Structure formats: structure tokens, C-alpha cells
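Numbering (my numbering), first residue to last: 6 to 157.
Only one structure is covered here, and it is reproduced in the block below.
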């Protein structure tokens, strides 16, 4: 027997979507606490920088974005699904998110900042390894770091 899934009404969907956090998400808080425990100090969501990076390390000229796989379209990740209802809207929404992310990274590089992107799936599956990789990157001189885990 199949169970029919209810499609939320417009007000219900609006309420659900408005409850999704844009900052201080669980993956972001996890990474922050691990880096803080390792002695790193940072600023949060600096509005004066393109994209208001999640973590800013001014002394190291480095920023970290903690991206949700769904919203920022982590290619090859099982968390990157597309809703079947109103597909055109979602496709445009996601394309805009990806283009904006790319633009912000380019602007930050042009301003002399190093940019790291930590995907949500990396923090779900390899928390300590992810924090270690970010720590090594912060101590190093690489311009870019991308940490994600492709999941089948």
C-alpha cells in the first residue's frame, strides 16, 4: 500500500520556508565551535564583504562559507535534490544562488581574500577531518579550499 504525501498549502509552505535559517545554521555552528576550540578567532557574517561570509579571519585575509548542499547545489551530492512542484521556479532560484556564490567568490579574490567553501555533507560525515582541513588551509597560503563529500 502506498502512502500519499500531502502537498502543503501556500501559507503552510511559506511558514516552512521562512523557518529555514540563512545564518547560524547547525553545520555553521558545528564548524565554528571546532575552530574556536582549536584557537581560531573570527568574525561572523561581515556585511561589508561580498556575500557576508559565514566566518571571516581578518588577520589571515581568509573567509569561509558553509554552504547547504540543497540551496547552493553541491554537484554530485545526494542532498542536492530538486522539488518536483514548480520546477521552473526552483531551477531559476538555484541557478541564481550558484551564480551569486561564484560572483561573491570572484569579488573576494579580487579584494585579496582567500575563500573556502565547506559543504554541509562534509560536516555531516567527516566533522573532525573537515575542521582539520580548514585549520591546515588557514595556516597555509592556498587561495581556495573546497571541502565536500560526494555521497551515493
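Using N, Cα and C, we set each Cβ at its ideal position, and we do this for glycine too.
Computed from a prediction, not measured in an experiment: that's the story for all the values here.
In three-state terms, what does DSSP make of residue i?
{"i": "residue 31", "result": "helix"}
{"i": "residue 155", "result": "Caution applies to residue 155, whose pLDDT of 49 falls short of 50 and renders its modelled position unreliable; the model cannot decide the point."}
{"i": "residue 66", "result": "coil"}
{"i": "residue 12", "result": "coil"}
{"i": "residue 144", "result": "helix"}
{"i": "residue 103", "result": "helix"}
Taking only the alpha-carbon atoms, compute the straight-line gap between residue i and residue j and give it to the nearest angstrom.
{"i": "residue 36", "j": "residue 148", "result": "20 angstroms"}
{"i": "residue 71", "j": "residue 42", "result": "18 angstroms"}
{"i": "residue 100", "j": "residue 73", "result": "14 angstroms"}
{"i": "residue 130", "j": "residue 45", "result": "22 angstroms"}
{"i": "residue 114", "j": "residue 93", "result": "32 angstroms"}
{"i": "residue 110", "j": "residue 90", "result": "31 angstroms"}
{"i": "residue 50", "j": "residue 29", "result": "9 angstroms"}
{"i": "residue 133", "j": "residue 105", "result": "29 angstroms"}
{"i": "residue 65", "j": "residue 16", "result": "45 angstroms"}
{"i": "residue 141", "j": "residue 122", "result": "14 angstroms"}
{"i": "residue 144", "j": "residue 11", "result": "50 angstroms"}
Please name the residue, chosen from the options, that lies closest to residue i on a Cα-to-Cα basis.
{"i": "residue 13", "options": "96, 103, 88 and 132", "result": "88"}
{"i": "residue 139", "options": "61, 76 and 84", "result": "61"}
{"i": "residue 107", "options": "17, 11 and 151", "result": "151"}
{"i": "residue 116", "options": "56, 78 and 102", "result": "56"}
Pull up the CB-CB distance for residue i and residue j, whole angstroms please, since I reckon it's below 8 angstroms.
{"i": "residue 154", "j": "residue 126", "result": "5 angstroms"}
{"i": "residue 34", "j": "residue 67", "result": "No, residue 34 and residue 67 are not in contact; Cβ-Cβ is about 19 angstroms, not under 8 angstroms."}
{"i": "residue 136", "j": "residue 54", "result": "Rounded, the Cβ-Cβ distance is 22 angstroms, inconsistent with contact."}
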